[in-house]
Amino acid sequence: MKIPPNFKYIRTYTLDEYYEKANQISLPLIISGGTVAVLMLKNRLIRPEAVIDISQIPELNIVKINKDDVFIGANTKLYKLKDILPNDSASELIVKSASTVGDIAIRSMGSVGGNVCLGDPSNDLPVALTAIDAQAVIGKKDGITYLPIKNFYIKPFKTVLNKGEILLGVNYKMLNGYRTSYKKHFINFLDHYVGIVAAIAKIEENVIKDFKMAIGGEAVGKPVKFDLSEFSNVDEIKIIKERMFDYVNTMHIENNRFGTANYKKKVLYTLISRAIDEVLKL
Amino acid sequence: MNERTEKFFKGKGSFVDDINFPDMLYLEIVRSTKAHAKLLKVKGGLTADALDLTLVSTGESYRKGKNYEVEPVLAKEKVLYYGQPVSAVYDKDKYKAKDLAETVEISYEELKPILTIEDSLSSEPIHEGRKDNIVSRFEVGKKFSPESKIKLSDELFMERVLPNPLETRGIVAFYNSGKLNVWISTQSVYSIKNGLSRILGLNPADINVYQTDTGGAFGSKSAVYPEYVIASYLSIKTKKPVKWIESREEHISSTRPGRGVKAQLKIYGDEKGKIDGIEGKIFVDVGAYADDLSSTSPSWIGYQITGPYMIENVFIEGYSVYTNKAPLGPYRGAGRPEAAFFMERMIDLYADHLGLDPVDVRLKNLPEKEFISPTGLKVLPSKAFFEDGIKKINYAELKKKNAGISFGILIPAVDGGESAKIKVENGTVKVWLGGNAHWQRHELFVKRIIKEVLGIPEDKVVLMNGNTSELEKGIGTWGSRSAITAGYALYKAALALKEKAEKIGLKEPQQVLSSELSSEYYENMQLDPSMISFLLTAAVAEIEDGIKPVIKEIWAYYDVGEPLSLEAIYGQITGGLLMGVQEVLTEALKYDENGKPVPETLSATGIAYSINAPKYNVQITSFGRSNTPHGAKGVGEAGTIGAPPASARAIENLIKKRVNRLPLNLDLLT
Amino acid sequence: MKIKLNINGTNYESDVEPRMLLVDFIRDVAGLKGTHVGCETGSCGSCMVLLDGMPVKSCLMLAVQAEGKKIITVEGLSGKNGLNKVQKALSERKALQCGFCAAGFSIIGTWILDNEENVDYQKVKEDIAGVVCRCSGYDQIIKTITEVAKNE
Ligand SMILES: Cc1cc2nc3c(=O)[nH]c(=O)nc-3n(C[C@H](O)[C@H](O)[C@H](O)COP(=O)(O)OP(=O)(O)OC[C@H]3O[C@@H](n4cnc5c(N)ncnc54)[C@H](O)[C@@H]3O)c2cc1C
Ligand code: FES
Ligand code: FES
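This is the structure:
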């Protein structure tokens, strides 16, 4: 049987309480929904002195829809996003991404914060959030900082968060009149996503006004962001695709148990190509 | 309404982990984390120092001095596979038992693991005192010197696959007043009883084995495993009930997987599609230790290699070889899917070479009358069946969708026969079968046979779980045997009961029902070609976005003899088909370069989820009854035999590259 | 630590270790054996229960996490002796074989019935994607849940 090691359990009800406890304890583990945290415990990959349950902290349980931007509290359950987010295009991309996570049970247990903070290259939201230039809202004892999601990840399973810090939520600007596309490739025996692509674009009078894209997944590692600015003067889909393919070719992709480099590249080409077709078809 | 089924939905099933006793101890096994190593130190728990036994082979053919290496209950001096039991700890709290397991200290001197058939053949023996890694050699058929125009050869491979029943293995052993009582999730209470009695040296009369509700098995719950011996031993020692429940992780590392077979084959034929012969070598990777079944597996595959066809020349050399992997066991189909995959893929190769339709080549090679192959396999003519099937599945349409087709046979493992017992008690008829039920289908055919023979309504009949104290002798449930063997025994037992009843003047079913009669019957059987069923399977594939192979449709036209219950058969067939499909796409037990299993979770073993299910078109038919009073044939393994070659071919048709290894190598798509 | 969980409308109070998994609380403390363990890693749904009306995998939750929530297990889907519509239909149509997955499909099927609109075969196929049945090939399960939902 997989059974967690012993630990202390601390349920925190306010952020201050969290900061206090997190700083007191030598090795704390945050738990929100617990889908991954409990699994890590059961695998005894981590032996925290205490598990700090943050699910009752009110600030993390809100979703704030402002005039131009949205804040999603870290504890927000993935399945709820489709009902509470506004219907702008950026939110649409997030909902598309969240609705592909695991199965209904995982989505009803799993939180946005857990999805963003684990740093597993197979996680969905980081790719969608990177594409729309979302920000991580990070809380610590002496204040709040905002960091672009694309700078949140250091390497697989490592984020910028330090001990005593916490992700309060994510924040992003609403985008209107965009097309969105979210693609990923899963083969069940891998338990991992080989490639994930999120794209969003605005087209007016047959001109590409804006285009943002992020790629992620096991083959890529931490999410990588692309902008129209990098393709300046390009209005042809073919050329954008080629540039993206060139980029994939420069990436260091390994042969490993998730597949050969050749296959993974083909997956990335295909997903990129499909996503670009969907958002940029004039 | 069906009580037995209903209870599962009420949460009132009684699976092995649901069995509890006061004062029960929970057993945890400490396993090797190396695939091949010398044990320098093992400190803590129950070790081979105290319990130095091996799993002597069970089964009818058991003899002393078998020339293969039998697994020790606990590793001694050396470990030969990742996951091998090294020590055992227990506690009355299952969480504490897990903590205790962590305190056992093991140190290893690592040796190079042998992980493939190729390496096994070219490396030093992993067992001291043997001259090489070959477990056994066989020759089946007869050497021949072909003068055929066409000679084609290929190497085919089927990766190891885990049985992965949804309920893992488990046991509760309770030694009480001189008797060892065992509750176990199993396919055969008899192999458990015989095995434990032999291994532990107990008098069979002092062991009772009770089958709990069994959450699937697929081959994994027939053999005696080290954990069963350890749990029984500890219960005898402590006089307390001892429970062991396998974790999925342990299932992946230590339950016996199936397949793991390589074939190097040559097919001979003329230019018109008439096959002259099949020849080659079959290698089975039996893992670190062998038993009767795994050591004879190559010859069993070779024996049935010709399937439904009339192929006059057959010569197969078979080898079982040792590797540093978990010992091999049967997986749904056990040898039948291997033979079908090899033969069917060779026929496709041959048809392609000639530019002929693979179906035409197949039809052309079916016998006109009963055919006995050079290996001794006897098959009845089946042209009418397959021609009919080809129409029924509308092959002409399927061909436009690049469908793959397979023809196959299902040889039921009827040898040895089976037992059944009927006991009328308080107005109900209780039935025990030697083959232990874990399919609803068993219950349905039991009810039907009782109704047919005794006229007793189905709702008065209860199929009981296997129980050695009620029915002393029996075999087990595997190899698509139960409907035929247990069904036959039950039929005979019912007739005997009827006779008894008539003798004392009980004529009406109502009268019998209020009696206290009982009867027991053991029917010894031998395979008869009428019991072999024919299988026609077709698959339609799609490569989604050019990167993801899926099977979209699966067509099955299966001969089940006299069907005992269509509804229940349907589910067994679709279940088998999906397993077969998935074995082509993703399902596999691979090992890394250190001999550690690659998958860490159930999903990573590549099993099928609902979203992987194709659209099924299952047509159940009867191509004659079997020579048994109730006319049944086997069906349990049909899908796992038919689906792999058809699915592999369907994918091959799309990617235009030969598919000769399972699971599919995704690099073929690039 | 002392915790109190509400399962099928009954409060169960017990002194447990914080590490106790919800599924173990349900099975060993509350004694409700219908919820099973199949994989221990969230990949099979044998341990599925409803938590405040939503399906969750009880092998991936600590028992303490469920404090203050309403838990429904397979035993609590309907009244004392009966089965609810989904359970009844799955049982009558012989959709399962070994029956080990009955709890998972009862829970997810009931959730579909109560929550999903415009249910069809494809939707059910996707909704049950987190529950494994190793025996049946899923077809009868999907058909049965779809039909029951359509007749709602
Ligand atoms: C069977 C299965 C399938 C899955 N499929 C997918 C999938 O398809 N796509 C996908 O993206 N993910 C998947 N996951 C992973 C996971 O369930 C989700 O990412 C989920 O959103 C995690 O949320 P949680 O609340 O359960 O996280 P938790 O388990 O509570 O936490 C996860 C990690 O994040 C940390 N953490 C949580 N919240 C915060 C916070 N506010 N601040 C700082 N650190 C925090 C925790 O300490 C922990 O390290 C799957 C998991 C399982 C078991
Ligand atoms: S046991 Fe919980 S999902 Fe498998
Ligand atoms: S019926 Fe056996 S797992 Fe579903």
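Residue numbers (the working numbering), protein chains in the order written: chain S, 127 to 408; chain L, 361 to 1030; chain F, 1345 to 1496. For every residue, glycine included, the Cβ atom is placed at its ideal position computed from N, Cα and C.
Report the option in the options whose CA atom is closest to the CA atom of residue i.
| i | options | result |
| --- | --- | --- |
| Ser-234 of chain S | S:Lys-328, S:Gly-160, S:Glu-143 | S:Gly-160 |
| Pro-727 of chain L | L:Thr-683, L:Pro-668, L:Ile-1015 | L:Pro-668 |
| Arg-490 of chain L | L:Tyr-428, L:Ser-614, L:Ile-769 | L:Tyr-428 |
| Arg-1021 of chain L | L:Pro-1004, L:Gln-979, L:Arg-841 | L:Pro-1004 |
| Gly-575 of chain L | F:Phe-1444, F:Leu-1404, F:Asn-1459, F:Ala-1439 | F:Phe-1444 |
| Asp-383 of chain L | L:Gly-373, L:Asp-905, L:Thr-598 | L:Thr-598 |
| Arg-305 of chain S | S:Lys-335, S:Lys-391, S:Tyr-135 | S:Lys-335 |
| Tyr-135 of chain S | S:Ile-151, S:Ser-399, S:Leu-273 | S:Ile-151 |
| Gly-795 of chain L | L:Glu-832, L:Met-706, L:Ser-893, L:Tyr-649 | L:Glu-832 |
| Ser-1113 of chain L | L:Glu-639, L:Leu-385, L:Tyr-570 | Residue 1113 of chain L lies beyond the residue range present for chain L, which begins at 361 and ends at 1030; the question has no answer from this structure. |
| Leu-141 of chain S | S:Pro-154, S:Leu-153, S:Glu-185 | S:Glu-185 |
| Pro-817 of chain L | L:Ala-410, L:Gln-870, L:Ile-635, L:Leu-850 | L:Gln-870 |
| Gly-629 of chain L | L:Arg-1009, L:Ile-638, L:Ala-623 | L:Ile-638 |
| Tyr-710 of chain L | L:Leu-737, L:Asp-636, L:Gln-664 | L:Asp-636 |
| Gly-776 of chain L | L:Ser-982, L:Glu-499, L:Met-885, L:Glu-927 | L:Met-885 |
| Leu-823 of chain L | L:Val-791, L:Glu-830, L:Lys-452 | L:Val-791 |
| Val-644 of chain L | L:Lys-632, L:Gly-662, L:Lys-634 | L:Gly-662 |
| Asp-195 of chain S | S:Ser-215, S:Thr-396, S:Pro-131, S:Val-253 | S:Ser-215 |
| Glu-331 of chain S | S:Tyr-139, S:Lys-407, S:Asp-353 | S:Lys-407 |
| Ser-766 of chain L | L:Lys-454, L:Glu-747, L:Gly-787, L:Leu-413 | L:Glu-747 |
| Asp-451 of chain L | L:Lys-634, L:Glu-631, L:Trp-604, L:Gly-618 | L:Trp-604 |
Since residue i and residue j should fall inside the 8 Å C-beta cutoff, what is the C-beta to C-beta distance between them, to a whole number of angstroms?
| i | j | result |
| --- | --- | --- |
| Phe-1449 of chain F | Val-1408 of chain F | Wrong, their Cβ atoms sit about 28 Å apart, outside the cutoff. |
| Ala-317 of chain L | Gly-764 of chain L | As displayed, chain L neither begins before 361 nor continues past 1030, which places residue 317 of chain L out of reach and without an answer. |
| Pro-352 of chain L | Val-646 of chain L | Chain L is shown from 361 up to 1030; residue 352 of chain L falls before or after that span and cannot be answered. |
| Ala-176 of chain S | Leu-204 of chain S | About 26 Å separates the two Cβ atoms, so there is no contact after all. |
| Ser-1387 of chain F | Leu-526 of chain L | So it is not a contact: roughly 11 Å between Cβ atoms. |
| Asn-241 of chain S | Val-227 of chain S | 7 Å |
| Ile-1001 of chain L | Gly-693 of chain L | 5 Å |
| Tyr-851 of chain L | Pro-989 of chain L | 5 Å |
| Ala-457 of chain L | Leu-387 of chain L | 7 Å |
How about residue i and residue j: do their beta carbons lie closer than 9 Å?
| i | j | result |
| --- | --- | --- |
| Ser-1480 of chain F | Thr-934 of chain L | yes |
| Val-320 of chain S | Lys-309 of chain S | no |
| Phe-745 of chain L | Leu-896 of chain L | yes |
| Val-542 of chain L | Ile-567 of chain L | yes |
| Val-439 of chain L | Val-390 of chain L | no |
| Leu-294 of chain S | Gly-265 of chain S | yes |
| Ile-753 of chain L | Glu-698 of chain L | no |
| Val-433 of chain L | Val-549 of chain L | no |
| Val-376 of chain L | Ser-545 of chain L | yes |
| Tyr-1482 of chain F | Ala-973 of chain L | yes |
| Met-706 of chain L | Leu-471 of chain L | no |
| Ile-326 of chain S | Val-405 of chain S | yes |
| Arg-608 of chain L | Val-416 of chain L | no |
| Leu-211 of chain S | Ile-198 of chain S | yes |
| Lys-401 of chain L | Ile-466 of chain L | yes |
| Lys-685 of chain L | Tyr-441 of chain L | yes |
What is the residue span of the beta strand (DSSP E) that residue i lies within?
| i | result |
| --- | --- |
| Glu-330 of chain S | 318-330 |
| Pro-349 of chain S | 347-353 |
| Glu-462 of chain L | Where Glu-462 of chain L is concerned, there is no enclosing beta strand (DSSP E), although the alpha helix (DSSP H) it sits in stretches over 454-463. |
| Tyr-1482 of chain F | Premise fails: Tyr-1482 of chain F is in no beta strand (DSSP E) and is neither H nor E. |
Just reading off the alpha helix (DSSP H) that residue i is part of, what are its end residues?
| i | result |
| --- | --- |
| Ala-1006 of chain L | 998-1015 |
| Arg-1018 of chain L | Unbroken run through Arg-1018 of chain L: none, as it is neither H nor E. |
| Thr-574 of chain L | That residue, Thr-574 of chain L, is in no alpha helix (DSSP H); it is neither H nor E in DSSP. |
| Lys-1432 of chain F | 1429-1436 |
Chain-ordered residues, beta carbon under 5 Å from a heavy atom of ligand 3:
L:Leu-526, L:Gly-576, F:Leu-1440, F:Gln-1441, F:Cys-1442, F:Phe-1444, F:Cys-1445, F:Cys-1477, F:Arg-1478, F:Cys-1479
Residues around ligand 2, please: the condition is that the C-beta lies closer than 6 Å to some non-hydrogen atom of it.
F:Val-1381, F:Gly-1382, F:Cys-1383, F:Glu-1384, F:Gly-1386, F:Ser-1387, F:Cys-1388, F:Gly-1389, F:Ser-1390, F:Cys-1391, F:Lys-1401, F:Cys-1403
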